[in-house]
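Participant: Chains as they are written, first to last, in UniProt numbering: chain X, 1 to 473; chain H, 1 to 473; chain P, 1 to 473.
The following block contains the structure, expressed as structure tokens.
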Amino acid sequence: MASSWLSFSLSFLLVLHGTFAQQRYQQQQGECQLNRLSPQEPTTRIQAEAGVTELWDQNNQQFQCAGVSLIRHVIQSRGMLLPSYVNTPLLAYVERGRGFYGIMQSGCPETFQSSQQMQQGERGAGSRFQDRHQRIGQFRQGDIIAFPAGAAHWAYNEGNEELVLVCLEDSSNNANQLGQFSRRFFIAGNPQQGQQQQGQYGGKSLRRERFESGNVFNGFDVEVLAEAFGVDREIARRLQGQDDQRGHIVNIQQGLRVVRPPFSQEQEEREERQEQGQYGPRMNGIEETICSAKVRQNIDNPSRADIYNPNAGRFTTVNSLTLPILSFLRLSAARGVLHTDSIMAPHWVTNAHKVIYITRGEARIQIVDHRGQAVLDDRVRQGQVVVVPQNYAVVKHAETEGCEWVEFNTNDNAMINTLSGRTSAIRGLPVDVIASSYQISRDEARRLKFNREETLIFRSSGRARSSERVAAA
Amino acid sequence: MASSWLSFSLSFLLVLHGTFAQQRYQQQQGECQLNRLSPQEPTTRIQAEAGVTELWDQNNQQFQCAGVSLIRHVIQSRGMLLPSYVNTPLLAYVERGRGFYGIMQSGCPETFQSSQQMQQGERGAGSRFQDRHQRIGQFRQGDIIAFPAGAAHWAYNEGNEELVLVCLEDSSNNANQLGQFSRRFFIAGNPQQGQQQQGQYGGKSLRRERFESGNVFNGFDVEVLAEAFGVDREIARRLQGQDDQRGHIVNIQQGLRVVRPPFSQEQEEREERQEQGQYGPRMNGIEETICSAKVRQNIDNPSRADIYNPNAGRFTTVNSLTLPILSFLRLSAARGVLHTDSIMAPHWVTNAHKVIYITRGEARIQIVDHRGQAVLDDRVRQGQVVVVPQNYAVVKHAETEGCEWVEFNTNDNAMINTLSGRTSAIRGLPVDVIASSYQISRDEARRLKFNREETLIFRSSGRARSSERVAAA
Amino acid sequence: MASSWLSFSLSFLLVLHGTFAQQRYQQQQGECQLNRLSPQEPTTRIQAEAGVTELWDQNNQQFQCAGVSLIRHVIQSRGMLLPSYVNTPLLAYVERGRGFYGIMQSGCPETFQSSQQMQQGERGAGSRFQDRHQRIGQFRQGDIIAFPAGAAHWAYNEGNEELVLVCLEDSSNNANQLGQFSRRFFIAGNPQQGQQQQGQYGGKSLRRERFESGNVFNGFDVEVLAEAFGVDREIARRLQGQDDQRGHIVNIQQGLRVVRPPFSQEQEEREERQEQGQYGPRMNGIEETICSAKVRQNIDNPSRADIYNPNAGRFTTVNSLTLPILSFLRLSAARGVLHTDSIMAPHWVTNAHKVIYITRGEARIQIVDHRGQAVLDDRVRQGQVVVVPQNYAVVKHAETEGCEWVEFNTNDNAMINTLSGRTSAIRGLPVDVIASSYQISRDEARRLKFNREETLIFRSSGRARSSERVAAA
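Encoded structure:
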């Protein structure tokens with residue numbers, strides 16, 4: 001049976017989270033020669049016992065331009081993503097579900113521990129819940145979680161529904177010295193084993209593949225591991241996970257028991273409301289506070305919106321001012337909601353690429369390059385992704401359905417410059433400059449400049465949906 | 001006629017400010033394999049209604065090594081460079097003329113406005129000068145102006161003579177995530193239209209070309225623009241500038257009227273004198289003060305010289321200590337003046353490339369690489385450019401005419417290390433190290449070390465001009 | 001004779017510290033596609049009058065991945081490395097010997113000077129020791145010395161034994177804008193002349209080569225040099241060193257006499273003990289204090305150990321917290337000592353590559369990549385080097401001999417994450433996560449987590465040496 005698996009696995013490519021020998025004409029990272037964009041869906045899926053990881057093609061020119069990879073973990077109830085670390089900073093958005101996670105930092109204290117009484121008998125066999133470990137955190141739908149490069153972490157689905165995590169890995173980040181692609185290093189399991197034997201997945205045409213990523217313990221000598229852990233060879237061998245058939249997301253039948261404070265969503269929201277408007281001091285060096293740094297921020301709650309228009313939608317950002325660890329990761333994110341017949345003003349981002357993932361509905365998105373040509377003019381639907389390169393102009397128009405999305409930015413404080421509206425670049429121009437630039441009268445220039453009083457999210461008249469109708473002045 | 005223009009335009013290359021499909025053997029940015037430098041002049045010109053932009057060849061190995069582009073705008077009286085932004089930080093030096101400019105930052109307040117009385121009737125048609133807009137600034141010959149990457153800006157020639165702006169665009173800067181070349185995004189006009197039909201330009205052999213850059217509004221749907229600005233389709237169409245034949249620099253017949261304080265050169269100079277010696281605090285994050293940041297500094301005024309030798313010349317720097325926004329741009333600049341028969345001491349810059357543009361006269365410049373070979377030994381004349389790569393040793397010798405120049409550095413605080421003079425590396429060596437290094441007596445070592453009491457700018461004896469004459473001890 | 005030298009020199013490659021015209025398929029810097037590592041020894045040696053420089057092959061994929069070069073200077077008693085500067089930051093470890101060095105910073109004051117009385121007659125010929133020059137420093141075995149990019153420096157062997165300096169040059173550092181390789185610019189001598197004519201060197205198969213590096217004065221015109229220094233042409237000619245046959249390390253017969261305070265090793269050690277635990281403030285800008293910055297730190301003294309296990313060994317780091325100039329160089333270093341039968345816990349570094357140079361003994365080193373495959377499993381001996389790429393897991397096991405090494409990190413505060421021991425990532429995991437991850441019982445998970453109470457350096461039972469013996473529980 002082992003040999004039949006071997007021959008079977010040869011028909012799967014060993015490509016993920018790694019590098020290609022055959023990749024000859026490798027585009028230089030950050031070289032954005034994009035003539036035509038298109039909405040992207042995942043091209044690859046890796047099945048495991050208790051979930052699946054879907055990957056967007058990191059060789060696609062959009063992702064090459066932005067220097068990022070995008071993946072989506074779908075984790076079943078009581079499923080756990082095995083402990084691992086990545087060579088890039090990582091931002092995760094919780095699209096659906098809830099659970100908890102741990103980030104292990106070598107040297108940080110084990111601040112979560114069972115009560116004193118139980119601890120006394122700690123090493124006894126029968127006392128099940130006695131433990132002490134590093135801080136773990138809880139998350140729920142709408143959270144952004146920040147994982148520093150090289151920090152080992154795990155995640156567990158505590159709820160009854162699927163947990164969906166959309167993750168951006170920024171391989172062009174300074175923190176990555178390993179080169180163009182993101183690589184995940186597991187410290188448990190046998191991720192390469194995977195579960196490719198399973199049948200078709202919902203009719204989707206994703207290539208089923210195995211992780212190139214493996215378990216680093218597998219590369220060490222068992223004797224050395226036994227010495228390093230002070231255990232016998234049998235346990236040391238289990239570290240290597242060679243017989244593990246579960247893949248990188250494993251099922252925990254009886255549920256995961258850890259030491260942790262009770263979780264109350266209402267309390268958390270109350271705290272968030274209190275936090276609003278508080279700008280923490282900038283951190284000077286993450287190393288001093290890495291053990292206690294806040295790494296999570298909810299951006300789904302409408303009460304946290306940065307820009308809010310009751311008729312048209314809202315826009316909520318998380319950046320290094322609201323979540324200081326992002327100054328270390330050099331990444332930020334935002335959540336956008338556009339109602340039916342609403343527009344997000346044409347704008348460009350001065351200092352970042354933007355990776356947009358649609359979470360609900362659809363929008364017509366137009367992206368324009370420096371030549372004045374539309375490199376994208378398309379309806380982008382739920383589950384699809386587009387990259388807006390730095391400085392490219394973009395407009396979003398939600399038509400019949402409305403649209404919700406999350407966007408990741410390759411700068412910890414992405415600066416949006418709008419082209420229309422009350423805070424726009426055009427509004428900053430003298431009327432005479434507008435009149436001369438567009439060869440219109442001063443009166444028309446005044447209308448261009450002042451007609452829209454909203455800032456970023458506009459209510460549309462609905463006329464733009466059909467280009468046949470004549471526009472009324 | 002439209003079709004005849006089309007066929008005509010095909011004979012022009014669409015190359016500027018963009019990228020090349022045919023560029024196969026692209027040199028890696030920052031890889032400085034220079035065996036031979038030569039003074040560079042612009043190779044390309046783009047003619048517009050009220051001015052011309054000249055471009056140095058950004059594929060030239062000197063500019064590739066430095067990771068920068070250099071361009072020169074020559075703007076006629078009452079000409080305006082249309083609003084645009086660039087994917088790189090930009091330093092402009094005002095070689096000649098005067099005028100004003102605006103940098104539009106989304107979200108910055110409109111702090112320049114007409115007086116209260118006039119404002120009441122603001123939206124009325126007849127009241128011409130009623131307006132409010134973001135801060136605009138004035139400039140004159142000798143100014144350095146700093147434009148952050150992605151910040152939209154425009155410039156207007158208010159004077160009666162030509163306005164000449166020499167601009168460095170630093171595409172290897174961290175702020176640029178779009179790749180190797182600088183790209184300009186216009187938000188008005190029709191820059192690609194250009195004015196190539198015009199005749200020869202002063203007998204120069206520049207290729208006449210069209211901008212690859214266009215107007216980003218051109219890529220959007222007119223309906224969406226109409227919605228976004230809340231205007232009718234006719235005005236929205238004017239945003240796209242499709243019928244605009246003026247190119248990227250337009251003539252404003254009646255002159256540009258904006259709200260602004262009176263300009264007094266004497267007052268400004270008085271303020272500059274007061275500023276001297278004041279070192280502002282370093283900014284921690286540009287975003288807090290970007291709306292009010294000082295972006296301009298005159299480096300032509302002899303009273304601001306950092307190094308001054310009445311017989312030989314002067315040297316004036318602007319860096320992040322004197323103009324704090326430069327810490328954000330990671331660029332600096334300097335102005336040098338050498339009188340007849342004067343020498344700028346042999347030196348190297350530890351942390352930056354240097355791009356030297358000669359504004360008057362000529363100098364014999366020698367540049368030496370790590371092999372001890374001269375990669376340049378040439379007379380460099382007015383209007384020519386040479387790049388001095390990081391760490392390369394350089395000496396300038398102004399002979400009969402004297403020489404003036406501006407230089408741009410790819411670091412916000414370029415550190416010069418001189419090889420001779422009172423503050424030189426040689427002066428820092430023990431006499432015994434000098435004697436042993438150069439196999440000379442201690443007495444000779446002392447002369448090498450102490451003979452020159454000047455620091456950077458020396459008066460030459462004039463003997464070096466002719467290499468035949470025997471040097472006298 | 002001159003022509004015979006010429007034909008002779010053609011048989012030597014002009015390769016060092018420079019770039020290759022023939023290097024066609026240049027690997028992109030930082031692209032770490034390593035399937036197999038092997039311990040590296042120097043491949044090239046450059047002989048000079050009073051010493052030799054040995055170079056590791058900077059085209060080797062390990063060094064390409066780390067973006068660094070490694071060289072070793074062996075300087076005889078009374079030998080001096082001629083003044084020079086490098087386009088990269090440089091960390092030197094004093095493997096053996098003692099001496100003093102100078103770093104010349106243009107504009108820094110000449111703070112070392114002869115006593116007042118002697119100074120009065122300073123320019124007189126006969127008064128030998130009268131001088132003033134910039135600060136010079138002393139060093140001894142076990143010191144790390146930090147040289148900023150582009151800072152000229154020299155070093156002298158004051159002792160009676162050989163001085164051995166192991167130097168890391170970080171060409172992928174931000175401070176280097178010149179491209180992939182490190183280049184050394186001499187400001188004295190004639191390094192290309194070298195001493196290749198000498199015979200075999202201890203039977204080693206090193207290629208004998210000449211420096212590509214030369215003396216920058218050689219590229220300048222003699223007349224201009226004479227003017228710049230205010231000396232006659234004969235002395236100016238000596239600056240160029242054209243007749244100098246000594247190479248880059250020269251012998252100073254009578255010994256080097258400089259102005260300096262008396263050197264007392266005991267005093268220095270006393271000061272070091274006082275310093276322990278003192279964390280200096282972070283510097284905001286090196287330019288303010290570059291003249292007085294501390295650039296040296298001893299990491300050999302056991303009393304400075306950061307991690308100490310009397311039975312197993314010690315580990316001593318120097319980073320930007322203990323030597324603040326390293327925050328400017330973005331490099332750090334550490335010294336490790338493992339006794340016989342000791343293990344350095346399996347670990348990964350989250351934010352840096354590690355370049356390990358064995359100074360004594362040998363260790364079995366295993367390095368594992370993200371696929372879980374050992375890219376190195378070898379005994380690495382004294383004088384050999386291995387690179388541990390960022391995030392790769394590594395374990396060291398000193399068997400019969402014990403092992404000592406120095407390691408350089410490509411980050412000024414390299415963060416080690418251990419996989420076993422009291423401060424490990426595994427220790428931070430809840431017992432239930434461990435049990436589920438490795439499919440073991442909670443009891444076994446507890447043993448994995450708690451059995452090793454040491455942190456980084458463990459005493460081994462010695463069993464791992466022979467893999468035949470059965471492990472006892």
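Cβ atoms here follow ideal geometry from the backbone N, Cα and C, with glycine treated the same way.
Computed from a predicted model, the values in this text were never measured in an experiment.
Identify each residue in the stretch 219-239 of chain P for which the Cβ-Cβ distance to at least one residue of chain H is less than 7 Å, and report them in chain order.
Facilitator: The residues in question are Gly-219, Phe-220, Asp-221, Glu-223, Val-224, Ala-226, Glu-227, Ala-228, Phe-229, Gly-230, Val-231, Asp-232, Arg-233, Ile-235, Arg-238 and Leu-239.
Participant: Where do the N-terminal and C-terminal ends of the beta strand (DSSP E) with Ala-149(X) fall, by residue?
Facilitator: Start at 1 with the first residue of the first sequence, and residue 149(X) comes out as number 149. First-last for Ala-149(X): undefined, no H or E at that position.
Participant: Per the contact definition of three or more C-beta pairs closer than 8 Å, is the stretch 374-393 of chain P in contact with the stretch 331-344 of chain P?
Facilitator: Touching, no.
Participant: Mark Glu-161(X) as exposed unless 16 or more other C-beta atoms lie within 10 angstroms of its C-beta, in which case mark it buried.
Facilitator: By 1-based counting over the first sequence, the position of residue 161(X) is 161. Burial call: exposed.
Participant: Is the stretch 129-143 of chain H touching the stretch 90-103 of chain H, taking contact as three or more C-beta pairs under 8 Å?
Facilitator: Result yes; three or more Cβ-Cβ pairs closer than 8 Å.
Participant: Using the C-alpha atoms, what's the distance from Ile-358(H) back to Gln-382(P)?
Facilitator: Taking the first residue of the third sequence as 1, we reach residue 382(P) at position 382. Taking the first residue of the second sequence as 1, we reach residue 358(H) at position 358. If I take the Cα positions, the gap works out to 56 Å.
Participant: Scan the stretch 305-389 of chain H and note each continuous alpha helix (DSSP H) run of 4 residues or more that stays entirely inside, going in chain order.
Facilitator: DSSP runs (the alpha helix (DSSP H)) wholly in the stretch 305-389 of chain H: 326-329.
Participant: State buried or exposed for Asn-411(P), treating a residue as buried only when at least 16 other CB atoms are found within 10 Å of its CB.
Facilitator: Against the third sequence, residue 411(P) aligns to sequence position 411. Under this definition Asn-411(P) is a buried residue.
Participant: What residues are listed by DSSP as bridge partners for Trp-56(H)?
Facilitator: Numbered from its first residue, the second sequence carries residue 56(H) at position 56. Trp-56(H) is not bridged to any residue.
Participant: To the nearest whole angstrom, what separates the beta carbons of Glu-49(H) and Arg-184(H), a pair I think is in contact under 8 Å?
Facilitator: As a position in the second sequence, residue 49(H) is number 49, starting the count at 1. As a position in the second sequence, residue 184(H) is number 184, starting the count at 1. About 17 Å separates the two Cβ atoms, so there is no contact after all.
Participant: Counting Cβ pairs closer than 8 Å, one from the stretch 144-156 of chain P and one from the stretch 86-101 of chain P, do we hit at least three?
Facilitator: Segments in contact, yes.
Participant: Evaluate Asp-300(X) with the Cβ neighbour count: other Cβ atoms within 10 Å of its Cβ, from every protein chain shown; 16 or more gives buried, anything less gives exposed.
Facilitator: Against the first sequence, residue 300(X) aligns to sequence position 300. By the 10 Å Cβ count, Asp-300(X) comes out buried.
Participant: Cα-Cα, which of Ser-441(H), Pro-261(H), Val-68(H) and Val-164(H) is closest to Gly-97(H)?
Facilitator: Residue 97(H) sits at position 97 when you count from the first residue of the second sequence. Of Ser-441(H), Pro-261(H), Val-68(H) and Val-164(H), the residue nearest in Cα terms is Val-164(H).
Participant: Taking the alpha helix (DSSP H) that Gly-428(X) belongs to, which residues open and close that run?
Facilitator: Sequence index remark: in the first sequence, residue 428(X) carries index 428 (1-based). Run containing Gly-428(X): 425-428, per the alpha helix (DSSP H) assignment.
Participant: What are the start and end residues of the beta strand (DSSP E) that includes Glu-407(P)?
Facilitator: Reading the third sequence from its first residue, position 407 is the one you call residue 407(P). Segment 403-409, the beta strand (DSSP E) holding Glu-407(P).
Participant: With a Cβ-Cβ cutoff of 8 Å, do Val-166(P) and Val-406(P) count as a contact?
Facilitator: In the third sequence, counting from the first residue as 1, residue 166(P) sits at position 166. In the third sequence, counting from the first residue as 1, residue 406(P) sits at position 406. Result yes, Cβ atoms of Val-166(P) and Val-406(P) sit closer than 8 Å.
Participant: Go ahead and pull the three-state DSSP assignment for Ile-144(X).
Facilitator: Walking along the first sequence from the start, residue 144(X) turns up at place 144. Strand at Ile-144(X).
Participant: Run down chain H in chain order and give the residues with a C-beta less than 9 Å from the C-beta of Phe-458(X).
Facilitator: As a working note, residue 458(X) is residue 458 in the first sequence. Residues of chain H passing the Cβ test: Glu-227, Ala-228 and Gly-230.
Participant: Verify the CB distance criterion: does Thr-19(P) have a CB-CB separation below 8 Å to chain H?
Facilitator: In the third sequence, residue 19(P) corresponds to position 19, counting from 1. Because the pLDDT of Thr-19(P) is 26, which lies under 50, any placement of that residue in the model is unreliable, and the number read from its coordinates should be weighed accordingly. Chain H contact via Cβ: present.
Participant: Relative to the C-alpha of Arg-418(X), which residue among Ala-393(X), His-353(X) and Val-222(X) is closest?
Facilitator: To locate residue 418(X), count along the first sequence from 1; it is residue 418. Correcting the residue identity first, residue 418(X) is Thr in this sequence and not Arg. Closest by alpha carbon: Ala-393(X).
Participant: Determine whether the Cβ of Ala-149(P) lies closer than 8 Å to any Cβ atom of chain H.
Facilitator: Walking along the third sequence from the start, residue 149(P) turns up at place 149. It does; some Cβ of chain H falls within 8 Å.
Participant: Could you check where the beta strand (DSSP E) with Gln-297(X) kicks off and where it finishes?
Facilitator: As a working note, residue 297(X) is residue 297 in the first sequence. Counting along the chain, the beta strand (DSSP E) containing Gln-297(X) begins and ends at 296-298.
Participant: List the residues of chain P that Phe-328(X) touches, going by C-beta distances under 9 Å, in chain order.
Facilitator: As a position in the first sequence, residue 328(X) is number 328, starting the count at 1. Correct list: empty, because the minimum Cβ distance to chain P is about 10 Å.
Participant: I'd like to know if Leu-168(H) contacts chain P, where contact means its C-beta is closer than 8 Å to some C-beta of that chain.
Facilitator: On the second sequence, residue 168(H) is found 168 positions in, with the first residue counted as 1. For Leu-168(H), the answer is no, since every Cβ of chain P falls outside 8 Å of its Cβ.
Participant: Would you report the Cα separation of Asn-298(H) and Arg-314(H), rounded to the nearest angstrom?
Facilitator: Against the second sequence, residue 298(H) aligns to sequence position 298. Against the second sequence, residue 314(H) aligns to sequence position 314. In a straight line, the C-alpha of Asn-298(H) is about 14 Å away from that of Arg-314(H).
Participant: Counting Cβ pairs closer than 8 Å, one from the stretch 69-84 of chain X and one from the stretch 422-442 of chain P, do we hit at least three?
Facilitator: Yes: the two stretches touch, three or more of their Cβ pairs being nearer than 8 Å.
Participant: Looking only at its own chain, which residues have a Cβ that is under 7 Å from the Cβ of Gln-58(H), when we skip the five neighbours before and after it?
Facilitator: Translated into positions along the second sequence, residue 58(H) becomes position 58. For Gln-58(H), where only same-chain residues beyond five positions count, the Cβ hits under 7 Å are Ser-69 and Phe-181.
Participant: Exposed or buried, Glu-454(X), counting other C-beta atoms within 10 Å across all chains shown (16 or more means buried)?
Facilitator: Position 454 of the first sequence holds residue 454(X). So Glu-454(X) counts as buried.
Participant: Give the secondary structure of Ala-414(P) by DSSP, where H, G and I count as helix, E and B as strand, and everything else as coil.
Facilitator: The sequence position of residue 414(P) within the third sequence is 414, counting from 1. Correct three-state label for Ala-414(P): coil.
Participant: Indicate whether the contact test is met: 3 or more Cβ pairs, each with one atom in the stretch 362-369 of chain P and one in the stretch 324-333 of chain P, closer than 8 Å.
Facilitator: The stretch 362-369 of chain P, when compared against the stretch 324-333 of chain P, does not touch it at the 8 Å Cβ threshold.
Participant: Please confirm if Arg-282(P) has its CB atom under 8 Å from at least one CB of chain H.
Facilitator: Start at 1 with the first residue of the third sequence, and residue 282(P) comes out as number 282. Low local confidence applies: a pLDDT of 42 at Arg-282(P) is under 50, so the model's placement there is unreliable, with the coordinate-based value given in what follows. Cβ-Cβ to chain H under 8 Å: no for Arg-282(P).
Participant: Below 8 Å on the Cβ atoms is my guess for Gly-159(H) versus Ser-77(H); work out the distance and round it to an integer in Å.
Facilitator: Position 159 of the second sequence, counted from the first residue, corresponds to residue 159(H). Position 77 of the second sequence, counted from the first residue, corresponds to residue 77(H). Confirmed, Cβ separation roughly 6 Å.
Participant: I want to verify the contact list: residues of chain H whose CB lies under 8 Å from the CB of Trp-348(X), in sequence order.
Facilitator: Within the first sequence, residue 348(X) is the residue found at index 348, counting from 1. Within chain H, the residues near Trp-348(X) are Tyr-85, Gly-150, Phe-185 and Val-216.
Participant: Would you mind stating whether Val-94(P) and Asp-170(P) have Cβ atoms separated by less than 8 Å?
Facilitator: On the third sequence, residue 94(P) is found 94 positions in, with the first residue counted as 1. On the third sequence, residue 170(P) is found 170 positions in, with the first residue counted as 1. Against a cut-off of 8 Å, the Cβ pair of Asp-170(P) and Val-94(P) comes out as no contact.
Participant: Run down chain H in chain order and give the residues with a C-beta less than 8 Å from the C-beta of Ser-69(P).
Facilitator: The count along the third sequence starts at 1 and reaches residue 69(P) at position 69. What Ser-69(P) touches in chain H: nothing, since even the nearest Cβ is about 14 Å away.
Participant: Since Gly-241(P) and Asn-215(P) are thought to touch, with beta carbons under 8 Å apart, how far apart are those beta carbons, to the nearest angstrom?
Facilitator: Counted from its first residue, the third sequence places residue 241(P) at position 241. Counted from its first residue, the third sequence places residue 215(P) at position 215. Yes, they are in contact, since the Cβ atoms of Gly-241(P) and Asn-215(P) sit about 5 Å apart, within 8 Å.
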